[in-house]
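What follows is a short report on a single structure.
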Amino acid sequence: MTGSRLLGTGSALPRQVVTNAQLAEWVDTSDEWIVERTGIRQRHIAGEGETTATLATAAARAALADAGVDASSIGLIILATATPDNTFPATATKVQDALGCNGGIAFDVAAVCSGFLYALSVADSLLRTGMAKRALVIGAETFSRILDWEDRTTCVLFGDGAGAVVLEAPSADNAGKDAPGIIGSKLHADGAQHDLLYVDGGPSSTQTVGHVRMRGPEVFRHAVVNLSDVLKEVLADTGFSASDIDWVVPHQANARILDATARKLGITPDKVIVTVDRHANTSAASVPLALDVARKDGRIKAGDLVMLEAMGGGFTWGASLIRM
Ligand code: UT7
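Heads up: the sequence shown begins at 469 in the numbering used here, then just goes up one per residue.
Below you can see the structure in the form of structure tokens.
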């Protein structure tokens, strides 16, 4: 039996756009360096009144409208974020209240840039066991609020945003190679790599929020290896091959990582959805944001075979193969 079906997608971005040239006015960097090393040209930065919860709620509303379902039918909300509005309660509960569907399950998942992949798998598992009939899975971040704006090695890389999908529990008659739904997922973590990408603060350690710290070149090397390995693992498990894939929707950290990973699998660049140029790295939001962009511009269509993949702090990484 194929897993949960994706009924709709939505996304939201802060109003304010900051270009590389604008960034270069307050930190020692240049448009040329950022474009050449990352592919990023601009990012959206949350302004007054915009938080992870408001962006998540806007993305969720757009996904519900796209799916044509009412919020009252949502029994499960999982929100992937590393930048919650508050240390607790979970930002998912704020979104639940804003949508007016209180009473079901709502919680956050912390797996940083892989958060959406983790949340999607957990939601699919809960829907398969009958814990709920419909779910909202959201990736939402305001990384601008945990950046050290004097550290040029990190502050040029990230942006804010949110993406969401509506999932429906699988039914027994939805089976076969062409049946729509989540076909297979794999998740991994390697806690030994904790110090390559982390935030240097938190409630229990420093009683501060802290700032993002990253050893970029090391993360880059691990990302290419881990991502191509997990993609091969999902393909082997599900019986599909790389040539069956219509679209890859990767975590948008660096255009060079997207190219290198696709090349390792023999997937041509025209099958890879790229939004890093416009959105930069929006952590847990990047995969559902890119998925929504490519569905709304007509590239990803019903029946397409789509691979989602991401890697982030922890390290954590994962991939999901979905028939749209
Ligand atoms: O989302 C989770 C996963 N995250 C990632 O996957 C990120 C992975 N890493 C990367 O994308 C890349 O490693 C970076 C984009 C972060 C860095 O690119 P790089 O090609 O690995 O550059 P580098 O760190 O080796 O730095 C090269 C040079 C250094 O100068 P020197 O020592 O050669 O003189 C840096 O100081 O570039 C310098 N540099 C900058 N120059 C201008 C670093 N940041 C900047 C900057 N502007 N913003």
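Cβ atoms here follow ideal geometry from the backbone N, Cα and C, with glycine treated the same way.
Decide if residue i is buried, meaning its Cβ has at least 16 other Cβ atoms within 10 Å, or exposed.
| i | result |
| --- | --- |
| Asp-646 | exposed |
| Phe-556 | exposed |
| Ser-582 | buried |
| Trp-785 | buried |
| Gly-649 | buried |
| Glu-516 | exposed |
| Glu-686 | exposed |
| Thr-597 | exposed |
| Gln-675 | exposed |
Using 7 Å as the cut-off, classify the Cβ of residue i as near or not near the heavy atoms of the ligand COA, replying yes or no.
| i | result |
| --- | --- |
| Arg-505 | This structure lacks the ligand COA; the ligands present are the ligand UT7. |
Is there at least one non-hydrogen atom of the ligand UT7 closer than 7 Å to the beta-carbon of residue i?
| i | result |
| --- | --- |
| His-679 | no |
| Gly-583 | no |
| Thr-561 | no |
| Leu-718 | The question names Leu, yet the displayed sequence has Pro at residue 718. Answer for Pro-718: no, Cβ out of range of the ligand UT7. |
| Phe-611 | no |
| Trp-785 | no |
| Ser-498 | yes |
| Pro-756 | no |
| Arg-511 | no |
| Val-774 | no |
| Leu-655 | no |
| Ala-608 | no |
| Ala-630 | no |
| Ala-494 | Note on residue identity: the sequence assigns Trp, not Ala, to residue 494. Trp-494: no, Cβ never under 7 Å from the ligand UT7. |
| Val-742 | no |
| Val-687 | yes |
| Arg-620 | yes |
| Asn-694 | no |
Would you please state the rounded distance, in angstroms, between the beta carbons of residue i and residue j? I believe it to be under 8 Å.
| i | j | result |
| --- | --- | --- |
| Thr-477 | Pro-756 | 7 Å |
| Asp-722 | Thr-506 | One detail in the question is off: residue 722 reads as Asn in this sequence, not Asp. Going by Cβ atoms, the distance from Asn-722 to Thr-506 rounds to 5 Å, so yes, they are a contact pair. |
| Ala-528 | Leu-481 | 14 Å between Cβ atoms; not a contact. |
| Val-563 | Ile-606 | 7 Å |
| Gln-661 | His-690 | 7 Å |
| Leu-703 | Ser-711 | That pair is no contact at about 10 Å. |
| Gly-780 | Ser-751 | 7 Å |
Is the separation between the beta-carbon of residue i and that of residue j shorter than 8 Å?
| i | j | result |
| --- | --- | --- |
| Ser-589 | Leu-695 | no |
| His-679 | Asp-616 | yes |
| Val-716 | Ala-730 | yes |
| Leu-523 | Ala-630 | yes |
| Val-634 | Ala-558 | no |
| Thr-525 | Glu-609 | no |
| Ser-472 | Pro-638 | yes |
| Val-486 | Ile-513 | yes |
| Leu-665 | Glu-777 | no |
| Phe-575 | Ile-542 | no |
| Ala-539 | Leu-567 | yes |
| Thr-470 | Ala-643 | yes |
| Phe-626 | Arg-511 | yes |
| Leu-595 | Ile-573 | no |
Could you spell out the range, first to last residue, of the beta strand (DSSP E) harbouring residue i?
| i | result |
| --- | --- |
| Asp-619 | Per DSSP, Asp-619 belongs to no beta strand (DSSP E) and is neither H nor E. |
| Pro-718 | 715 to 718 |
| Ile-650 | 649 to 657 |
| Ala-805 | What the structure shows of the chain is the stretch from 469 to 792, and residue 805 is not part of that stretch, so it cannot be assessed. |
| Arg-511 | 510 to 513 |
| Arg-473 | 473 to 480 |
| Gly-607 | 602 to 610 |
| Ile-790 | 784 to 791 |
| Val-667 | 665 to 667 |
In the DSSP assignment, find the unbroken alpha helix (DSSP H) run with residue i in it and report its ends.
| i | result |
| --- | --- |
| Val-693 | 684 to 706 |
| Asp-499 | 499 to 506 |
| His-747 | 744 to 747 |
| Ala-637 | Careful: Ala-637 lies outside any alpha helix (DSSP H) and carries neither H nor E. |
| Leu-773 | Looking at the DSSP string, Leu-773 is not in any alpha helix (DSSP H); the run it does join, the beta strand (DSSP E), is 773 to 780. |
| Leu-595 | 583 to 596 |
| Leu-726 | 723 to 733 |
| Thr-525 | 520 to 535 |
| Gln-490 | 488 to 491 |
| Leu-759 | 754 to 764 |
Under 8 Å between C-beta atoms, does residue i make it to chain B?
| i | result |
| --- | --- |
| Asp-772 | Protein chain content of the structure displayed is limited to a single chain, and chain B is not contained in it. |
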